[in-house]
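UniProt numbering puts the first residue of the sequence shown at 1, with every later residue one more than the last. Below: the structure, in structure tokens.
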Amino acid sequence: MSQIVRCALIQTAQTAEAENLSPESIKEEMIMRHLQHIEAAAAQGAQVLCMQELFYGPYFCPSQDIRWYALTEEVPDGPTIHLMQEYAKKYQMVLVVPVYEREMAGVYYNTAAVIDADGRYLGKYRKTHIPQVQGFWEKFFFRPGNLGYPVFQTAYGKIGVYICYDRHFPEGARALGLNGAEIVFNPSATVAGLSEYLWTLEQPAHAAANGYFVGAINRIGTEAPWNIGEFYGQSYFANPRGQIIAKASRDQEEVLVSDLDLEQIAEVRDLWQFYRDRRPDMYGDLCRP
1 MSQIVRCALI QTAQTAEAEN LSPESIKEEM IMRHLQHIEA AAAQGAQVLC MQELFYGPYF
61 CPSQDIRWYA LTEEVPDGPT IHLMQEYAKK YQMVLVVPVY EREMAGVYYN TAAVIDADGR
121 YLGKYRKTHI PQVQGFWEKF FFRPGNLGYP VFQTAYGKIG VYICYDRHFP EGARALGLNG
181 AEIVFNPSAT VAGLSEYLWT LEQPAHAAAN GYFVGAINRI GTEAPWNIGE FYGQSYFANP
241 RGQIIAKASR DQEEVLVSDL DLEQIAEVRD LWQFYRDRRP DMYGDLCRP
């Protein structure tokens with residue numbers, strides 16, 4: 001018997017002139033646009049939905065400008081999570097909500113909250129791996145995550161989250177599988193260039209190596225004043241065989257909806273016995289600094 005879960009990804013552009021507008025006004029506009037997309041996904045019967053990394057603002061990490069700290073808010077007690085709880089309950093939809101979290105003044109995380117279909121806050125994941133290279137000065141803005149790799153039992157399945165740069169590290173992807181994830185979402189902000197070919201290589205490989213579904217989300221367009229490159233969209237779903245089963249465009253704002261049959265997880269794992277045959281007793285060297 002199939003166990004179908006209809007899932008959705010939102011990819012959008014941040015077109016406002018970030019140089020000339022306040023972080024608060026950009027945040028307000030982006031939230032309003034995403035609410036429209038959530039409504040559109042609900043109209044298509046979506047049961048689980050994930051948004052892009054830092055969904056309510058630009059990707060501000062090409063700068064080292066403290067004015068973007070104004071986008072931080074508490075999780076789960078900030079206004080954005082409270083609003084999304086209302087929408088989750090209204091549409092009986094699980095929401096994965098990537099925000100800029102403030103734990104306390106001066107301590108900020110790149111975080112995704114998970115809200116169940118009845119509006120209950122289930123928990124959060126904090127981005128573990130933080131890059132610090134030209135155009136991606138993330139260590140200026142984010143403390144590395146410290147909550148491990150939680151998996152959340154939702155009304156429609158077990159969900160894990162991995163954020164953007166995390167996708168280059170197979171260890172956390174495996175940890176999510178071991179913790180029971182059936183669907184792993186990776187909200188991202190990544191531009192064309194050296195790593196674009198990895199976009200459709202690494203995450204389908206995680207899906208195949210761990211026998212779960214992956215939902216990969218990227219934004220679109222270019223963002224002034226930084227203009228570090230083109231956010232190339234192409235959000236997609238990959239199945240437990242590592243096959244991409246639905247893919248969004250490169251340059252259009254859209255909601256990608258796909259039916260995921262969770263019964264495929266057992267089918268694939270019964271064939272490819274990676275969890276049976278793994279040898280954790282032989283992997284001690286992987287834990288050396």
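C-beta atoms are modelled at their ideal positions from N, C-alpha and C, and glycine is treated no differently. These numbers come from a predicted model, not from an experiment.
Whether residue i touches residue j by CB criterion (8 Å)
i: residue 270; j: residue 2; result: no
i: residue 126; j: residue 157; result: no
i: residue 110; j: residue 163; result: yes
i: residue 274; j: residue 193; result: no
i: residue 49; j: residue 95; result: yes
i: residue 133; j: residue 99; result: no
i: residue 38; j: residue 87; result: yes
i: residue 217; j: residue 253; result: no
i: residue 299; j: residue 7; result: Not covered by the structure: residue 299. The range shown for the chain is 1 to 289.
i: residue 16; j: residue 29; result: yes
i: residue 102; j: residue 73; result: yes
i: residue 264; j: residue 247; result: no
i: residue 202; j: residue 232; result: no
i: residue 161; j: residue 238; result: no
i: residue 51; j: residue 97; result: yes
Three-state class that DSSP yields for residue i in the structure shown
i: residue 75; result: coil
i: residue 190; result: coil
i: residue 272; result: coil
i: residue 109; result: strand
i: residue 124; result: strand
i: residue 32; result: helix
i: residue 80; result: helix
i: residue 235; result: coil
i: residue 251; result: coil
i: residue 303; result: The displayed coordinates of the chain run from 1 to 289. Any statement about residue 303 would go beyond what the structure contains.
i: residue 25; result: helix
i: residue 44; result: coil
i: residue 87; result: helix
i: residue 284; result: helix
i: residue 102; result: strand
i: residue 265; result: helix
i: residue 164; result: helix
i: residue 175; result: helix
i: residue 226; result: coil
i: residue 6; result: strand
i: residue 130; result: coil
i: residue 259; result: strand
i: residue 205; result: helix
i: residue 13; result: strand
i: residue 141; result: coil
i: residue 70; result: helix
i: residue 95; result: strand
Cβ distance (whole Å) where residue i is taken to contact residue j below 8 Å
i: residue 60; j: residue 34; result: That pair is no contact at about 17 Å.
i: residue 241; j: residue 205; result: So it is not a contact: roughly 11 Å between Cβ atoms.
i: residue 123; j: residue 169; result: With a Cβ gap of about 21 Å, residue 123 and residue 169 do not count as contacting.
i: residue 62; j: residue 18; result: The Cβ separation is near 10 Å, so there is no contact.
i: residue 222; j: residue 166; result: Residue 222 to residue 166, Cβ: 24 Å. No contact.
i: residue 117; j: residue 155; result: 4 Å
i: residue 183; j: residue 215; result: 6 Å
Outcome for residue i when other beta-carbon atoms lying within 10 angstroms are tallied against a minimum of 16
i: residue 243; result: exposed
i: residue 283; result: exposed
i: residue 23; result: buried
i: residue 115; result: buried
i: residue 25; result: exposed
i: residue 107; result: exposed
i: residue 266; result: exposed
i: residue 71; result: buried
i: residue 147; result: exposed
i: residue 104; result: exposed
i: residue 256; result: buried
i: residue 85; result: buried
i: residue 46; result: buried
i: residue 14; result: buried
i: residue 181; result: buried
Would you say the segment 76-95 touches the segment 182-189, given that touching needs at least three Cβ pairs under 8 Å?
no
Quick test of the definition: if touching needs 3 or more C-beta pairs under 8 Å, does the segment 169-178 touch the segment 131-142?
no
Does the contact criterion of 3 or more C-beta pairs under 8 Å hold for the segment 62-70 versus the segment 85-92?
no
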